[in-house]
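Colleague:
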Amino acid sequence: MLGVHTKTEEAEQSLIEEILGPDEQKDTWRGDALCAQTDPEAFFPDKGGSTRDAKRICAQCAVRQKCLEWAVDHDERFGIWGGMSERERRRYKKERRA
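Structure, rendered in structure tokens:
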């Protein structure tokens, strides 16, 4: 049915808004992101947890570069964005400036 959302979909939307903020939802690339269709916990592992599954999903994502650019431009410090961890994004940002 159109306009009907399951509890899971509502919870996912709430988590996305909490992480990104409601205004950021206007970025159309997010609707095409593979991570939006998977378990968000994979992209926010506990300290020392594996990032392999998230990076595997990112590697196949059509909007990976837009996601990475958003994370770098917004100084995102948590999670896997555009296939990179926060440490990898810092290095990428530093190299991009050079």
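As numbered in full-length UniProt numbering, residues 1 to 98 make up the sequence shown, in order.
Here a beta-carbon is modelled for each residue, glycine too, at the ideal position from N, C-alpha and C.
If you're wondering where the values come from, they're calculated on a predicted model, not measured in any experiment.
1. In the DSSP assignment, find the unbroken alpha helix (DSSP H) run with I57 in it and report its ends.
2. Return the first residue and the last residue of the alpha helix (DSSP H) that C67 is part of.
3. Per DSSP, which one or two residues make a beta bridge with W81?
4. Which residues in the same chain as D32 place their Cβ atom closer than 7 Å to its Cβ, once the five residues preceding and following it in sequence are excluded?
5. Nearest-angstrom Cα distance between R87 and K55?
Modeller: Working from what's here:
1. Within the sequence shown, the letter at position 57 stands for residue 57. Start and end: R52 to A59.
2. On the sequence shown, position 67 is the one that residue 67 refers to. Residues R64 to D73.
3. As a position in the sequence shown, residue 81 is number 81, starting the count at 1. Looking at the DSSP assignment, W81 forms a beta bridge with M84.
4. Within the sequence shown, residue 32 is the residue found at index 32, counting from 1. Contacts found: A62 and V63.
5. Here residue 87 refers to the residue found at position 87 when the sequence shown is read from its first residue. Here residue 55 refers to the residue found at position 55 when the sequence shown is read from its first residue. About 14 Å.
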